[in-house]
Amino acid sequence: MALKQTPLNAAHRAMGAKMVDFGGWDMPVNYGSQIDEHHQVRNDCGMFDVCHMRVVDAKGDGMRAFLRYLLANNADKIALPGKALYSAMLRPDGGVIDDLIIYFMSEQWFRIVVNAGTADKDIAWMKQQAAMHAPNLSITSRDDLAMVAVQGPNARAKVWQVLPQTKAATEGLQNFQAADCGEYFVARTGYTGEDGFEVMLPKEKVEEFWYALNKAGVKPIGLGARDTLRLEAGMNLYGQDMDETVNPLESGLAWTVDLKSERDFIGKAALLANPPTRKLAGLVLLDRGVLRGHQQVHTLHGEGEITSGSFSPTLEKSIALARVPKEVQIGDTVQVAIRDKMLAAKVVKYPFARNGKAVVNL
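Residue numbers (the working numbering): 8 to 369.
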């Protein structure tokens, strides 16, 4: 089956990208050195093609009440227009259907951004729940929109250089806020642990925007560096760190689950009935080697497994997220099975790096 392509596919090839199959999409893994691209974002800025992500507009009266029920996080937290909320959407058994970002624009309009690989499933689930609980709402996939993330300490200045008409509306945005600037929807969000914007715009304008950013000195960044950046920032990747078989309390997402308010939400009863026995922890390898997903972690309290692992260009060490028994403590030393060896790793509090610097205590 032919791979799906974003509207920037030809631009990636023109810029010399190495293309790979990423969940059925033809995407750039790097444009040269993955480590150079990683440092570029931490120290300056870079741009990412995230057009494969899906933008969904949810509209109608009663939207907030519906989202209170649909999401594990509480939509009541976002009362200021433009404010964003990160949440998991759960199955009745507590498994994670997807993690997503939702923007409150008005009581009749919430914008939702979902992951590429789960987009069709997510939208079908939202429509199914709406049909049962809020039949007057509309859930619309905005297939006419593209999205580019510009990330790094100089990212916002570069976007204003290319889109000066958005500066007045976006200059005062706090983290996790967005502004609707006509054709451009600009959000101060990202997946790197750095400052920056995610810009949603008409598909037919995205290639022009991409080249204009590049002309302004913004380098393209591939999936390889995107993964090491998000791992250093301690950000979950759906399909690795959580999925439909795992609940958010065992995936480092307890902070996104509101169990305190009286509202009911899909999956709440299952979470309350099954207290977590595991948790997500950060690991830094003390020996030589590379931590990778699915490697077994041996602790004094039982077995665990790495969910995401890689070499960290910022720490210059191998790091990982691992699901381990909840009794494991920060500062513990564990053993990781790498090929035929048992190598020592230290349990640390993540994120590993933010704002260009290592933040873990070794």
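Built from N, CA and C at the ideal position, the CB exists for glycine as well. All values reported here derive from a predicted model rather than from experimental measurement.
Sequence-distant residues of its chain with Cβ nearer than 6 Å to W116 (five each side left out): K66
Extent of the continuous beta strand (DSSP E) to which I109 belongs: 103-113
Cβ-based neighbour list, K226, same chain, cut-off 6 Å, excluding 5 preceding and 5 following: Once the five neighbours on either side are set aside, the close Cβ partners of K226 are Q47, G53.
Beta-carbon spacing of N243, G101 below 8 Å: Judged by beta-carbon spacing, G101 lies beyond the 8 Å limit of N243, meaning their Cβ atoms are not closer than that value.
Residue of E312, Q302, A79, A86 minimising C-alpha distance to D105: A79
Presumed contact (8 Å Cβ cut-off) between L123 and Y110, rounded CB distance: It is Ala, not Leu, that sits at residue 123 in the sequence shown. Incorrect: roughly 18 Å between the Cβ atoms, too far for contact.
Completely contained alpha helix (DSSP H) runs for the stretch 256-309, where each covers 4 or more residues: Segments of the alpha helix (DSSP H) lying fully in the stretch 256-309: 275-280.
Pairwise C-alpha distance: D294 and Q342: 10 Å
Buried/exposed call for W217, threshold 16 Cβ in 10 Å: buried
Simplified DSSP state of Q172, which is helix, strand or coil: Of the three classes helix, strand and coil, the one that applies to Q172 here is helix, per DSSP.
Integer-rounded CB distance, given that G229 should sit under 8 Å from P14: Not really, about 17 Å apart at Cβ, beyond 8 Å.
Start-to-end residues for the alpha helix (DSSP H) that takes in T147: That residue, T147, is in no alpha helix (DSSP H); its beta strand (DSSP E) goes 145-148.
Between the CA atoms of L287 and L260 - distance to the nearest angstrom: 9 Å
For D234 and K210, the rounded distance between their alpha carbons: 25 Å
Three-state secondary structure assigned by DSSP to I130: In the three-state reduction of the DSSP assignment, I130 falls in the helix class.
Rounded Cβ spacing between Y76 and D271 (contact assumed at less than 8 Å): Contact between Y76 and D271 holds, since their C-beta atoms are separated by about 7 Å, short of 8 Å.
Own chain partners of Y191 with C-beta closer than 7 Å, once the 5 adjacent residues on each side are dropped: L170, T173, V206, L208
As assigned by DSSP and simplified to three states, the class of E323: coil
Distance between beta carbons of R49 and G363, contact taken as under 8 Å: 4 Å
Contacting residues, own chain, Cβ-Cβ under 6 Å from A277 (five flanking each side not counted): Excluding the 5 residues flanking it on each side, A277 has same chain C-beta neighbours closer than 6 Å at D100, G101, in chain order.
T199 versus T340, R346, T321, L87, residue with shortest Cα-Cα distance: T321
Element boundaries [alpha helix (DSSP H), containing E334]: Counting along the chain, E334 falls outside any alpha helix (DSSP H), and DSSP gives it neither H nor E.
Run of the beta strand (DSSP E) containing R71, from where it starts to where it stops: Here R71 belongs to no beta strand (DSSP E); instead the alpha helix (DSSP H) covers 70-77.
Within 8 Å, strictly: CB atoms of E334 and H305: Their beta carbons are not under 8 Å apart, which means E334 does not touch H305 by this criterion.
Among I326, E214, A194, nearest to R163 - alpha-carbon criterion: Here the closest residue by C-alpha is A194.
Whole-angstrom C-beta distance between N161 and D51, which should lie under 8 Å: 5 Å
Nearest to E251 (by Cα), restricted to the options G69, Y38, K128, D56: K128
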